[in-house]
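J.: Before I ask anything, here is the structure I am working with.
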Amino acid sequence: MFKPGRPKAVLHLMDSEHRKLVRLAEDARTPRDIALRCNIVLTCAQGVTNREVARRIGVREETVGKWRARFVQEGVAGLCVPSRRNHGGRPKPVLSLSEDERLRLEEIKKVGPPSAALLSTVLLASASGLTNREIARANGLAEHTVGRWRARFLANRLLCFGADGLPGRPRARLGVLAE
Numbered sequence: 014m015f016k017p018g019r020p021k022a023v024l025h026l027m028d029s030e031h032r033k034l035v036r037l038a039e040d041a042r043t044p045r046d047i048a049l050r051c052n053i054v055l056t057c058a059q060g061v062t063n064r065e066v067a068r069r070i071g072v073r074e075e076t077v078g079k080w081r082a083r084f085v086q087e088g089v090a091g092l093c094v095p096s097r098r099n100h101g102g103r104p105k106p107v108l109s110l111s112e113d114e115r116l117r118l119e120e121i122k123k124v125g126p127p128s129a130a131l132l133s134t135v136l137l138a139s140a141s142g143l144t145n146r147e148i149a150r151a152n153g154l155a156e157h158t159v160g161r162w163r164a165r166f167l168a169n170r171l172l173c174f175g176a177d178g179l180p181g182r183p184r185a186r187l188g189v190l191a192e
């Protein structure tokens, strides 16, 4: 029976691809979205329609078509791209530093007291694009502490360091200067 619509991409698996897809789909350490993509391709390789694959797996036909085509074009590597889906929550503000701020933080990091050096290290790492979790683990801090320091710096820039170079709450430490 003729079915209208675009022809589906022909999908043939080599033994090595099949083994790799099965391994990824069954490994508990594989992210769920990638395991799902592998299962889609494995089911497509059985020669069934996108509609039938979607019904069996519980996804939309468009999703099946997308990952079938991606696999045909790019192979297994095309399935392993990270999901761009928003996982909720407020996005982290970008922390970018001016050259003057970067130089000042580098100076504090080298010659400042340990607490100021740690704050400088965290801020420089944040500006380099590391996540709060990565920074916290590398410096023995709690993740929420890194988030607080980042937010405080974004709100007050270098005022989060007092006149003596020590970190602290700007309004409490700087008094008249912060008003």
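Mapping of the sequence shown onto the numbering used here: residues 14 to 192, in sequence order.
Think of the CB as a built atom: it goes at the ideal place given N, C-alpha and C, for glycine as much as any other residue.
1. Compute the distance between the beta-carbons of Arg146 and Glu156, then report whether it is under 8 Å.
2. Indicate the three-state DSSP secondary structure (helix, strand or coil) for Ile60 in the structure shown.
3. Do you know how far the Cα of Ile53 is from the Cα of Glu75?
4. For my contact list, Leu9 and Ser133 are in at a C-beta cut-off of 8 Å; report their separation, rounded to the angstrom.
5. Alpha carbon to alpha carbon, what distance is there between Arg45 and Ser141?
6. Run through DSSP, which three-state label would Leu131 get?
7. Per DSSP, what kind of secondary structure is Arg42 in: helix, strand or coil?
8. Among residues of its own chain, excluding the 5 on either side of His25, which ones have a beta-carbon nearer than 8 Å to its beta-carbon?
9. Assuming Ala48 and Leu37 form a contact by the criterion Cβ under 8 Å, report the distance between their Cβ atoms to the nearest whole angstrom.
10. Report the rounded CA-to-CA distance for Arg170 versus Glu120, giving the unit in angstroms.
11. For Arg81 versus Gly91, is the C-beta spacing smaller than 8 Å?
12. Could you tell me the distance, in whole angstroms, from the CA atom of Thr62 to the CA atom of Glu30?
13. Under 8 Å, do Leu116 and Phe166 count as touching if we go by C-beta distance?
14. Can you tell me whether Met14 is helix, strand or coil according to DSSP?
15. Is Val135 buried or exposed, if buried means 16 or more other CB atoms sit within 10 Å of its CB?
16. Assuming the contact rule is C-beta atoms closer than 8 Å, Val89 and Lys33 should be a hit. Round their C-beta distance to whole Å, please.
17. Sort Glu114, Gly60, Pro127 and Arg150 by Cα distance to Leu137 and report the nearest one.
18. For Gly160, report the span of its alpha helix (DSSP H) as first-last.
19. What is the rounded straight-line gap between the Cα of Gly125 and the Cα of Pro106?
T.: If we stick to the structure as given:
1. As a working mapping, residue 146 is identified with position 133 in the sequence shown. As a working mapping, residue 156 is identified with position 143 in the sequence shown. With contacts defined as CB atoms closer than 8 Å, Arg146 and Glu156 qualify as a contacting pair.
2. Reading the sequence shown from its first residue, position 47 is the one you call residue 60. The question names Ile, yet the displayed sequence has Gly at residue 60. In this structure, Gly60 counts as coil in the three-state DSSP scheme.
3. In the sequence shown, counting from the first residue as 1, residue 75 sits at position 62. In the sequence shown, counting from the first residue as 1, residue 53 sits at position 40. Ile53 has its alpha-carbon roughly 12 Å from the corresponding atom of Glu75.
4. There is simply no residue 9 to check, as the chain begins at 14 and stops at 192 in what is shown.
5. Position 128 of the sequence shown, counting from 1, holds the residue named residue 141. Position 32 of the sequence shown, counting from 1, holds the residue named residue 45. One C-alpha to the other measures close to 29 Å.
6. Here residue 131 refers to the residue found at position 118 when the sequence shown is read from its first residue. In this structure, Leu131 counts as helix in the three-state DSSP scheme.
7. On the sequence shown, residue 42 is found 29 positions in, with the first residue counted as 1. Coil, per DSSP.
8. Mapped onto the sequence shown, residue 25 falls at position 12. A distance below 8 Å between beta-carbons, with the five flanking residues on each side excluded, links His25 to the following residues of its chain, in chain order: Ala58.
9. Start at 1 with the first residue of the sequence shown, and residue 48 comes out as number 35. Start at 1 with the first residue of the sequence shown, and residue 37 comes out as number 24. The Cβ separation is near 6 Å, so the contact holds.
10. For the purposes of this step, residue 170 is identified with residue 157 of the sequence shown, where counting begins at 1. For the purposes of this step, residue 120 is identified with residue 107 of the sequence shown, where counting begins at 1. Roughly 16 Å separates the two Cα atoms.
11. By 1-based counting over the sequence shown, the position of residue 81 is 68. By 1-based counting over the sequence shown, the position of residue 91 is 78. No, the Cβ-Cβ distance between Arg81 and Gly91 is not below 8 Å.
12. Position 49 of the sequence shown holds residue 62. Position 17 of the sequence shown holds residue 30. One C-alpha to the other measures close to 20 Å.
13. Locating residue 116 in the sequence shown gives position 103, counting from the first residue. Locating residue 166 in the sequence shown gives position 153, counting from the first residue. No, the pair does not count as a contact, with Cβ atoms beyond the cut-off.
14. Counting from 1 along the sequence shown, the entry for residue 14 is found at position 1. Per-residue confidence for Met14 stands at a pLDDT of 48, beneath the threshold of 50, marking its modelled position as unreliable; no derived number is given.
15. Within the sequence shown, the letter at position 122 stands for residue 135. By the neighbour-count definition (other C-beta atoms within 10 Å, threshold 16), Val135 is a buried residue.
16. The sequence position of residue 89 within the sequence shown is 76, counting from 1. The sequence position of residue 33 within the sequence shown is 20, counting from 1. With a contact defined as Cβ atoms closer than 8 Å, Val89 and Lys33 qualify at about 5 Å.
17. Taking the first residue of the sequence shown as 1, we reach residue 137 at position 124. It is Glu114 whose Cα lies nearest to the Cα of Leu137.
18. Reading the sequence shown from its first residue, position 147 is the one you call residue 160. It spans Glu156 to Asn169 - the alpha helix (DSSP H) in which Gly160 sits, taken as one unbroken run.
19. Within the sequence shown, the letter at position 112 stands for residue 125. Within the sequence shown, the letter at position 93 stands for residue 106. The C-alpha of Pro106 is placed about 27 Å away from the C-alpha of Gly125.
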